[in-house]
Each structure stands twice: as structure tokens, then as C-alpha cells.
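At position 216 of the sequence shown (counting the first as 1) the number is 304 in the numbering used here, and the numbers step up by one without a gap.
Before any comments, here is the structure.
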Amino acid sequence: MRRIALINQKGGVGKTTITTNLGHALALAGHRVSVIDLDPQGQLAANYGIFRAPSKGIDQVILNGADPATVRLGIRDMLTLIPAGARLQEVEYRQDGGASRARLLLHALEGAMTDQAFVLFDCPPSSGLLVANAIFAADEAFIPVSGDHMSLNGLAKMLKTLKRFEPYLDRPVRQWIGLNRYFPRRRLAREVQGKLRQHFPEQLLSIPIREAAAIAECPGVGRTIFEYKPSSRSAKEFMLLAEELLERSPESAACRP
Ligand SMILES: Nc1ncnc2c1ncn2[C@@H]1O[C@H](COP(=O)(O)OP(=O)(O)OP(=O)(O)O)[C@@H](O)[C@H]1O
Ligand SMILES: [Mg+2]
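Have a look at this one:
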């Protein structure tokens with residue numbers, strides 16, 4: 089099982105969009121996928137057309153030790169979702185438990201979901217306890233970056249955050265960097281891509297997801313790009329991204345010293 093956390097402290101870079109469409113792409117490619125909403129905003133369920141998500145979700149798993157199987161919803165063929173749940177925000181404010189507060193999700197998922205090939209965690213735009221829980225529970229971090237200089241600052245911050253965790257993890261955090269909201273005709277976007285290639289040759293995924301109206305329209309209709317515009321370039325890009333992740337072994341993205 090590959091557990092991948094979609095993380096970036098910066099908001100609006102595409103964590104939820106990529107979780108939604110990459111999750112569906114992997115499922116369409118024949119893999120069992122579970123997507124987990126770790127963002128109290130709870131947008132992930134809506135992206136799949138569940139506009140009124142159940143009040144119980146991963147919050148119950150983290151806070152009350154509920155069995156993940158009891159809050160998992162079958163949403164598409166080969167694809168299940170664990171929604172955020174109404175109390176997820178409480179995880180951020182937990183005072184008890186010391187350092188083990190960051191390992192609640194890791195422990196809760198131990199031995200669970202073993203039938204899944206992929207588990208994707210959609211994280212909030214912060215660096216609090218929910219993200220810490222995702223980092224401890226995941227084997228890989230997928231950092232979406234959009235094509236401007238601000239995003240490079242965000243990336244640097246994110247990598248620093250990951251580095252802080254390293255001494256406490258019993259394995260390296262394997263990192264992927266994915267370009268999103270990409271404008272191939274904009275010089276700045278190509279410059280950012282060039283810099284990423286130069287500095288992170290192993291982590292950078294070769295398929296950028298372009299800025300596209302269809303992607304922005306999907307959440308409004310509660311459909312993934314494969315349902316809304318199956319023959320669009322965006323659908324193709326997400327499928328290629330999934331194929332690249334399937335091909336590249338997690339080891340090849342190991343944390344650089
Ligand atoms: N490639 C794209 N083309 C067009 N619109 C996009 C693209 N990627 C994301 N968006 C839109 O940008 C907005 C932010 O994307 P998304 O919610 O996925 O970001 P996020 O990183 O999850 O944000 P947050 O940090 O608030 O959780 C959404 O309205 C989404 O539809
Ligand atoms: Mg989001």
C-alpha cells in the first residue's frame with residue numbers, strides 16, 4: 089500500500105483538486121484507492137458530488153479510535169472516501185498526549201485498509217497537528233506547486249517543515265513535487281519549471297497540470313475531470329500523472345540530504 093499526503097502550507101495550490109482527480113485516475117487504472125479528507129473545510133466530499141457529507145468521518149477515527157471501515161463511503165468503482173467529519177478541527181487544538189498527538193492517525197490506520205493500493209490524504213493549508221498526523225501516517229509527500237515565485241517560497245517552507253520531522257520518523261519522507269495551474273506560454277511559469285528541474289530533478293514529476301477552466305468547473309458539479317470532460321487535455325494530464333506515479337518507485341524520490 090502506498091500512502092501519499094498532499095501537502096502544502098500555501099492555500100489554493102491544488103491539494104484537493106489533485107487528490108480528487110489523481111484518486112479517480114488511479115482507480116480508473118484498476119487500483120483500489122481510498123481518499124481521506126484531513127481538511128476541516130471538508131471540500132473533498134463535495135468534489136465527488138457529496139454536498140452533504142456525513143458528520144462522522146476521519147475525525148472519529150482520530151479522536152475516538154473508530155474503525156476506518158465504519159466511516160468509509162464507496163463513491164466510485166474502486167474508490168472510497170473518508171470524509172472530514174464535523175469534529176476534525178478539534179484535532180488541531182488537542183493539548184493532551186504530547187508528541188504522540190502527531191501519531192494518532194498513524195496508529196489508527198495500523199493494520200487498517202490493507203486492501204487498498206493507495207491511500208491519499210488531502211491536507212489543510214497549515215502546518216499544524218493535522219498535517220503532522222498526515223506526515224507520520226504517509227510514506228510519500230506530494231507537494232503541489234503553482235508556477236510563480238511565491239510558490240517557490242512556499243515550497244522551500246514546506247521542505248523545511250518536512251525536514252523538521254525527519255529525526256522523528258523511522259523512514260525518509262519521500263517527496264514528489266507536482267506543477268499545477270501551469271501556463272506553458274507564460275515565461276515565468278517556464279522559469280519556475282526550469283528551477284524545479286534543476287534543484288529537484290528526482291522529485292519533480294514531469295507532467296504539469298495546466299490551468300484549465302474545466303478543472304475549476306468540476307467542484308461546482310461534483311464530478312471529477314474524468315466524468316465532466318473525459319476527453320479534455322486535463323483528463324489526459326491527470327491520467328499521465330497517475331501513470332508516472334505508478335511507474336516511479338517511491339525510493340527514487342527519497343529525501344535529498
Ligand atoms: N489546474 C487548475 N486549473 C484551474 N483551476 C484550478 C486548477 N487547480 C486548482 N484549481 C482551482 O483552484 C482552486 C484551489 O484549488 P484547491 O482547492 O484544489 O487548492 P488547495 O491547495 O486544496 O486549497 P486549500 O489550501 O484551500 O485547501 C479551486 O477552485 C480549484 O478548482
Ligand atoms: Mg484543499
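Cβ coordinates follow ideal geometry from the N, Cα and C atoms, glycine included.
Close Cβ partners of residue i (< 7 Å) along its chain, the five nearest in sequence each way excluded
i: Pro142; result: Pro171
i: Lys245; result: Gln97
i: Leu197; result: Pro156 and Ala225
i: Tyr270; result: Gly235, Ala277, Pro296, Ile297, Arg298 and Glu299
i: Arg189; result: Arg182 and Leu217
i: His119; result: Met166, Ala205 and Phe206
i: Ala342; result: In this prediction, Ala342 has a pLDDT of 49, which is less than 50 and means its spatial position is unreliable; nothing more can be read from the coordinates.
i: Ala323; result: Ile313, Phe314 and Lys317
i: Pro338; result: Arg90, Asp227, Glu228 and Arg262
i: Gly153; result: Ala196
Under the three-state DSSP convention, the category residue i falls into
i: Ser322; result: helix
i: Gly118; result: coil
i: Gln263; result: strand
i: Ile106; result: helix
i: Val219; result: helix
i: Val123; result: strand
i: Thr168; result: strand
i: Arg298; result: strand
i: Asn268; result: strand
i: Pro232; result: strand
i: Ile146; result: helix
i: Phe314; result: helix
i: Leu257; result: coil
i: Ala342; result: Below a pLDDT of 50, predicted positions are generally treated as unreliable, and Ala342, at 49, falls in that range; the measurement from the model is reported next regardless. Coil.
i: Met327; result: helix
i: Ile303; result: helix
i: Val207; result: strand
i: Gly186; result: helix
i: Arg90; result: strand
i: Leu161; result: strand
Beta-carbon spacing of residue i, residue j below 8 Å
i: Val280; j: Ser319; result: no
i: Ile313; j: Ile303; result: yes
i: Gly242; j: Leu276; result: no
i: Leu176; j: Asp210; result: no
i: Ile231; j: Ile124; result: no
i: Arg58; j: Ala93; result: The structure shown does not extend to residue 58, since the chain is modelled only from 89 through 345, so no value can be given for it.
i: Gln204; j: Met327; result: no
i: Ile297; j: Glu325; result: yes
i: Ala229; j: Val207; result: no
i: Val219; j: Met166; result: no
i: Leu151; j: Glu178; result: yes
i: Leu329; j: Ala117; result: no
i: Gly61; j: Arg311; result: Outside the displayed span of the chain (89 to 345) sits residue 61, for which this structure offers no information.
i: Arg182; j: Leu126; result: no
i: Arg285; j: Leu292; result: yes
i: Asp227; j: Arg91; result: yes
i: Thr249; j: Ser215; result: yes
Proximal residues to residue i (C-beta, below 8 Å), its chain only, five neighbours per side dropped
i: Leu129; result: The sequence shown places Gln at residue 129, rather than the Leu named in the question. For Gln129, where only same-chain residues beyond five positions count, the Cβ hits under 8 Å are Ala172 and Pro212.
i: Ala200; result: Asp155, Pro156 and Ala157
i: Arg140; result: none
i: Tyr316; result: Ala302, Glu305, Cys306 and Val309
i: Ala222; result: Ala93, Ile95, Leu126, Leu193, Phe209 and Cys211
i: Val159; result: Pro142, Lys144, Gly145, Ile146, Gln148, Val149, Ile170, Pro171 and Gly173
Own chain residues within Cβ distance below 6 Å of residue i, not counting five before or after
i: Leu247; result: none
i: Gly102; result: Pro232 and Asn268
i: Ala174; result: Ser143
i: Phe288; result: Ile265
CB contact below 8 Å: residue i versus chain C
i: Arg182; result: Absent from the structure: chain C. Only one protein chain is present.
Would you call the stretch 192-201 and the stretch 99-119 touching, i.e. three or more CB-CB distances under 8 Å? They do not touch, by the three-pair rule.
What residues does ligand 2 have around it, judged by CB closer than 5 Å to any heavy atom, in chain order? That gives Lys103 and Thr104.
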